[in-house]
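Written below as structure tokens is the structure these notes are about.
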Amino acid sequence: MRNFIILVITIPLLTAFLLPLLKIFSKKLSNFCIGLNLILINIISFFLYKSILENGNIIYSVGASAPSITAPSGFPIRIILTANALSSFLAMFFTIIASLTFFYSLNTLKEYANLDKFYILYLLLLVGILGFLFVGDFFTLFVFYEISSISTAGLIVFLRNKENFKSTFHYLSIFSIGSLFLLLGIGLLYSQYGFLNMAIISQKIQLSFLDKIALSFIGSALLLKVGVFPFYFWKIEAYKVSPISAIILSILSSLSAIYVMFKIVFYIFGLNIPFIIALTLLSALSILFGNLLALAQKNLKKIIAYLAISELGYIILGISSGFLMQNSKFEFNAIKGGLFHIINDALDIGTLSLIIGVILYIAKIKNSLSYNSVSLQQNEIRGLAHKYPLLSISFLLVILALSGLPPLNGFASKIIIYESIFHLNPALTIIGVLGSILTLAVLIKIFALIFLGAPNRDYQPAPKIAMVVIFIFLSFMILIGLFPMQFTNYFINPSVKALISKPGYKNNIHLQQDNQEQNHSIIHLTLHSKQRYFNYI
Amino acid sequence: MSIVYQPKILLLLFSLIFFIIYLFYLTGEKKYKKDTVQTIAYFSGKTPYQNIKLQNVYWGFFKNFEKLYLFLSKIQRENTNDYVFMFIIWLTFILLTICLI
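From first to last, the protein sequence lines are chains A and F. Residue 32 is where the first sequence starts when you use the numbering used here, and the numbers rise one by one after that. Residue 7 is where the second sequence starts when you use the numbering used here, and the numbers rise one by one after that.
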């Protein structure tokens, strides 16, 4: 079971590099292999989650003689992966979403060339997302940050228009700066403590001035990855030109970055209150400005981007408010609301994106530029409710879910967030409710413009597999909305406990101490290794 | 959540409301003439403007927040230098918050 953690990452990674070979034989064979690979990692991530619930956290040390040996030998850097109830649950959920999105894209992107390259990048981005969830040391964190950034850049440029190249340039420019600051932050920690293992640094950290600078650098780089206000610019540039499936994976990438950010802030820097206050402020601004800007947009994909920013604001608001109310009875609920909203955000924004993808497909908007920038102002698409009643009902359900209206999943998580953050500051609840009202206003306008009125042109039939994927997403939303207590009890509560306690790290240290006994002294070993390393240099 | 929010009861309530609406719908006039004045909504008083488009439904809202929207459009000019500059500015804000508070 311990090996599952590495299998979840290596299987899509190896498949991504096998795809060019498979394409030589047959295009269908390569698609079949991707589907099989995604189903396989779904099964593995399910068993990984089940194993963690039964036996506790898992630590995997890559390249060691045994997976539990986390002490470096020889070269003082070791790739360490850790999994707890939260990270394994998110991995299981994200692989389900990524698999469904793959089947959706098979149906909607079939007319585009170079799809094999698209799927290579798609799998690499999935590797980056899953790797982010399981990182146990800063070196691996930086590697997965880079993998996800570069593969996202490749997905943005996929359609190969002028707009795509321009957006990719913006994206790469911003993320090269972000990566640089992440590396600087990691370097500052390494220079002080001589370790990259998060567990060891969490034990040794002194919260010196340099540590605080490192936290701000690492935190800002991760906030850039999350894409909340005011680090959201890349998101607008990327989403407006990317295919829908790439947008959904990018949303998952942002959600995994939220997990890593809180893991670092809470486990390693021992809950830095000023940083958490700054996060709460930025999340409230995200909710407000995300919705205000979405209201003024005419491009459908930009609207997805701004609504995603606002929903990320709710997640961070819930979790950071929970940390601010530490040791009070509302801490658990606020964090629960935030983590619950990660799932609901992925489902709601994901379904909205899928529906918009189908709208663009059925309206035959194939020439690249208009595919990217359908304008509501020009009234290009109208009266879809007459011909596509199921799509209209699906869109109405998404409106209910995203606006936090009962009885759908968005309400279930937002009500927990509102109730909890009210005890921190009632103004935050007001901002949250205001944000939901603005989301409703944005989506109602889109619905009225696209679905109501008389049809103004011919539309092609809706892609069947894509519609099935939308219904699966909707059924998840309805089920979670109708049975929120059961869902939170089975899936979210163990995740909250995993986030607010530090068993993974204690366990990690414990295992290293076992190792210490076996090897006489871990510190001696490490120092010896370092000495050897520096002598080598 | 357990006391106030009971989604299954709420769903039953919604179903009941929809059923009542359906009953009202059944009592409607079935012999109306299509494509005549009977199907046009009646507005009392002054005739509403016909040239106002649905896209402009939030015109008053945008007019009130014109200055805010002008500011927001200025910082989103699709210019890489602006984006990098904003990143550095907010990184500095976070750095100062962490180091000085």
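Just so you know, even glycine gets a beta-carbon here, dropped at the ideal spot from N, CA and C. All values reported here derive from a predicted model rather than from experimental measurement.
Residue-level contact to chain F via CB, residue i, 8 Å cutoff
i               : result
P43 of chain A  : no
I524 of chain A : The amino acid occupying residue 524 of chain A in the given sequence is Asn; Ile does not appear at that position. No, its Cβ sits nowhere closer than 8 Å to a Cβ of chain F.
P261 of chain A : yes
G512 of chain A : yes
S506 of chain A : no
L246 of chain A : yes
N34 of chain A  : no
F306 of chain A : yes
F297 of chain A : no
I151 of chain A : no
N322 of chain A : no
A327 of chain A : yes
G369 of chain A : no
A309 of chain A : yes
N303 of chain A : yes
S57 of chain A  : no
S285 of chain A : no
S281 of chain A : no
L255 of chain A : yes
S118 of chain A : no
K601 of chain A : With chain A covering 32 to 568 only, the question about residue 601 of chain A has no answer from this structure.
F22 of chain A  : Residue 22 of chain A is absent from the model: chain A starts at 32 and stops at 568.
Beta carbon of residue i nearer than 8 Å to that of residue j
i               : j               : result
P486 of chain A : K528 of chain A : no
I104 of chain F : L348 of chain A : no
I430 of chain A : I475 of chain A : yes
T86 of chain F  : F200 of chain A : yes
K360 of chain A : N524 of chain A : no
I335 of chain A : A493 of chain A : no
D147 of chain A : M229 of chain A : no
T113 of chain A : N88 of chain A  : yes
L213 of chain A : I244 of chain A : no
L385 of chain A : A497 of chain A : yes
V473 of chain A : L338 of chain A : yes
S281 of chain A : N364 of chain A : no
M356 of chain A : L455 of chain A : yes
Option nearest residue i by Cα separation, candidates the options
i               : options                        : result
A144 of chain A : A:I55, A:L190, A:I72, A:F507   : A:L190
S317 of chain A : A:V296, A:L121, A:I340         : A:I340
L331 of chain A : A:I275, A:F371, A:N375         : A:I275
I424 of chain A : A:L383, A:P457, A:L157         : A:L383
K333 of chain A : A:L146, A:L254, A:L253, A:Y270 : A:Y270
S82 of chain A  : A:F293, A:S57, A:M32           : A:M32
I446 of chain A : A:N375, A:Y224, A:V158         : A:N375
F226 of chain A : A:L370, A:L157, A:G94, A:T171  : A:T171
S444 of chain A : A:G218, A:A472, A:F514         : A:F514
L53 of chain A  : A:E85, A:I151, A:E142, A:S506  : A:I151
E72 of chain F  : A:A327, A:F260, A:S284         : A:A327
A47 of chain A  : A:Q491, A:I509, A:G159, A:I36  : A:G159
Cβ of residue i within 8 Å of any chain A Cβ
i               : result
Y31 of chain F  : no
L17 of chain F  : yes
Y28 of chain F  : no
V90 of chain F  : yes
L101 of chain F : yes
K52 of chain F  : no
I104 of chain F : yes
F24 of chain F  : no
W96 of chain F  : yes
I107 of chain F : yes
Neighbour flag for residue i against chain D, beta carbons, 8 Å
i               : result
I289 of chain A : The structure shown contains no chain D; its protein chains are A and F.
Worksheet item: Taking any Cβ of chain A, which residues in the segment 66-86 of chain F have a Cβ under 9 Å from it, in chain order?
Response: F67, F68, F71, L74, Y75, L78, S79, I81, Q82, E84, N85, T86
Item to complete: Determine, using beta-carbon pairs with one atom in the segment 467-476 of chain A and one in the segment 433-448 of chain A, whether at least three such pairs fall under 8 Å.
Response: yes
Worksheet item: Are at least three pairs of beta-carbons, each pair with one atom in the segment 280-289 of chain A and one in the segment 310-327 of chain A, less than 8 Å apart?
Response: no
Item to complete: Compile a chain-ordered list of the residues in the segment 33-48 of chain F whose CB is closer than 7 Å to at least one CB of chain A.
Response: none
Worksheet item: Mind listing which residues of the segment 160-191 of chain A have their C-beta closer than 7 Å to chain F's C-betas, in chain order?
Response: none
Worksheet item: Which of the residues in the segment 213-238 of chain A, read from start to end, lie with their CB under 8 Å from any CB of chain F?
Response: none
Practice prompt. With 7 Å as the limit, tell me which residues of the segment 331-359 of chain A have their beta carbon closer than that to any beta carbon of chain F; keep them in chain order.
Written response: none
Worksheet item: Taking a cut of 8 Å between CB atoms, which residues from the segment 432-453 of chain A lie near chain F?
Response: P437, P438, F442, A443, I446, I447, E450
Fill in: Interfacial residues, the segment 469-481 of chain A to chain F, with Cβ spacing under 8 Å
A472, K476, A479, L480
Worksheet entry | Residues in the segment 64-79 of chain A having any Cβ partner in chain F nearer than 8 Å | none
Worksheet item: Do the segment 124-131 of chain A and the segment 175-185 of chain A make contact, defined as three or more Cβ pairs closer than 8 Å?
Response: no
Worksheet item: Quick check: the segment 264-281 of chain A against the segment 191-210 of chain A, are there 3 or more CB pairs under 8 Å?
Response: yes
Discussion item. Does the structure place the segment 71-84 of chain A close enough to the segment 105-124 of chain A that three or more beta carbon pairs sit under 8 Å?
Written reply: yes
Worksheet item: In chain order, what residues of the segment 201-213 of chain A put their CB closer than 8 Å to some CB of chain F?
Response: H201, S204, I205, I208, G209, F212
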